[in-house]
Amino acid sequence: MFLFLNLASAVGPEPSEEYLIFNSASIKGGGCYRIPSLVTAKNGTVIAFIDLRPGSCGDLNYDNKIKIAARHSYDDGVTWSDERMVADYGDNLSSSDSSSILNTQTGEIVVLYNFWNYNTEKGIYKQHVKISSDNGETWGEPIDITDQIAPPDSQNHFKFITSGKGAQAKTGYLYQALVDVSAGNSVYLIESKNGGRNWTRIDVRCQVADETTLIPLENGNILLNARTFDHHRRFFEIDPVNQKLVKQEDRPDLVDPNCDAGFMKYYYGKSNIVFFSNANNAGGRSNMTIKYSLDDAKTFSSGKVVQPGGGGYSSITVNRKYEVVMLYENPGKNGITVRNLPMNWVLNQ
47 MFLFLNLASA
57 VGPEPSEEYL
67 IFNSASIKGG
77 GCYRIPSLVT
87 AKNGTVIAFI
97 DLRPGSCGDL
107 NYDNKIKIAA
117 RHSYDDGVTW
127 SDERMVADYG
137 DNLSSSDSSS
147 ILNTQTGEIV
157 VLYNFWNYNT
167 EKGIYKQHVK
177 ISSDNGETWG
187 EPIDITDQIA
197 PPDSQNHFKF
207 ITSGKGAQAK
217 TGYLYQALVD
227 VSAGNSVYLI
237 ESKNGGRNWT
247 RIDVRCQVAD
257 ETTLIPLENG
267 NILLNARTFD
277 HHRRFFEIDP
287 VNQKLVKQED
297 RPDLVDPNCD
307 AGFMKYYYGK
317 SNIVFFSNAN
327 NAGGRSNMTI
337 KYSLDDAKTF
347 SSGKVVQPGG
357 GGYSSITVNR
367 KYEVVMLYEN
377 PGKNGITVRN
387 LPMNWVLNQ
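Residues in the sequence shown are numbered consecutively from 47, following the working numbering.
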């Protein structure tokens, strides 16, 4: 803990003001911004990804015009670039629910998302990957990984890669979660051993769960932190080498209103902190809160409130100033807001 107190002493005492980074009122013809994802590039650029949902606020199966947009910050979240498109294929080719991973070994940024072709494959959920080799300035062509990760006989299933943030283990392998709602709300761990270009599904079926975030554990396993229908989170610990479920645990201490959340591990020297952000309210999506763990997600702090009013999905990253940057849905401001949370402020709870 002494290490983290030293780290916190280098930053300011109070969070930044809320900044409305994606304003739904600015979308011509109506619509909304939803589904945040945050990543810090190897050069320090902070990138905020979002669903641009013009015309409606529906999910992929209701909106044929969803695009994935992004804004970049080159000064650790103080100012932001104009909006840029990451996945924009035109009407009837809809993309949504992005998640991002920094490959610390190569410096590449990997973005995963879900895709519907309303013209030729309406009703078929596809999963795509895009990779950037220049800190998110440009993106390669989409890679269709659907057949690599799909469970057997699931072509027509409602299945999707979870939004927010994936993870990289010390092995260099990348991980993310695939949800198959049609198969009894099952969640699978997916793994890439070559920087996101190819993926495999770990043959472990976790139930009952919805959108799922994850981190690598220090024992080499992967911890899945799942949205449930029981007003709290559910953890699944998976051994990816032996492809087995090691532990399943309900976490009533992590109250949740059936909503996606932010979850990440931050390494500092040989130590690490696990951060968790969510709508900390069993009764509805409000009370956006940040918690932390110093024991690999076994226990968590009581929480610091970032936004007491209405909330929703969130994503988190750490910038070069050792601030936790939190991007979250904010219906009270009709869009997506971002705040920089100094490390000492987060740890003082």
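Cβ coordinates follow ideal geometry from the N, Cα and C atoms, glycine included. A quick note: this is a predicted structure, and the numbers were derived from the prediction, not measured.
Nearest candidate by alpha-carbon position, reference residue i, set the options
i	options	result
Y221	S232, N267 and G169	N267
K216	R80, S119, P298 and L263	L263
L224	I170, E187, K239 and L158	L158
V92	D306, I155, D296 and G77	I155
I319	S347, T335 and C305	S347
Y65	G378, N390, W391 and N394	G378
V175	T166, N240 and G136	N240
I112	S119, C103 and D285	C103
G123	G356, N365, D256 and S332	N365
E283	V233, S228, F322 and K211	V233
L139	A116, R130, I147 and R99	R99
F206	A196, R117, G212 and A213	A196
D193	R247, S146 and S178	R247
T166	R331, I177, D137 and V254	D137
F95	R130, S62 and R273	R130
T345	I382, L300 and N304	L300
D256	A116, E63, Q173 and G230	G230
N244	Y312, Q173 and G182	Q173
T258	G90, L373, W391 and N304	N304
R273	Y313, K311 and N326	N326
Near the ligand SAM: residue i beta-carbon under 7 angstroms from a heavy atom
i	result
G357	Annotation note on the ligand SAM: not contained in the displayed structure, which lists no ligands.
Residue i in three-state terms, based on DSSP
i	result
K379	helix
L263	coil
S209	coil
L300	strand
I170	coil
S72	helix
W185	coil
A229	helix
D193	helix
L269	strand
N394	coil
C-alpha distance - residue i paired with residue j, whole-angstrom precision
i	j	result
A133	I114	5 angstroms
L291	S200	22 angstroms
E369	H203	40 angstroms
K88	R80	26 angstroms
D180	G329	43 angstroms
D302	S72	30 angstroms
S238	G218	9 angstroms
V371	N149	19 angstroms
K350	S144	26 angstroms
I336	V352	7 angstroms
K168	N107	8 angstroms
N380	C78	8 angstroms
G315	D341	15 angstroms
A343	I362	16 angstroms
I170	N163	8 angstroms
M334	I189	34 angstroms
T415	I191	Because residue 415 is not part of the residues shown, which for the chain are 47 to 395, the question remains open.
I236	V227	16 angstroms
D105	K74	19 angstroms
S209	G355	23 angstroms
P286	S70	40 angstroms
V384	G357	12 angstroms
F322	Y338	6 angstroms
L84	P59	23 angstroms
L270	L260	4 angstroms
F68	I382	5 angstroms
Q253	Q289	16 angstroms
Counted within 10 angstroms of its Cβ, other Cβ atoms place residue i as buried (16 or more) or exposed
i	result
D128	exposed
F161	buried
D97	buried
F275	exposed
T125	exposed
E375	buried
M389	buried
G76	exposed
D249	exposed
N110	buried
P82	buried
S142	buried
T184	exposed
Chain D within 8 angstroms of residue i, Cβ atoms only
i	result
N324	Judged by its chain identifiers, the structure shown contains no chain D, having just a single protein chain.
Under 8 angstroms, with one C-beta from each stretch per pair, do the segment 293 to 302 and the segment 268 to 283 reach the 3-pair mark? yes
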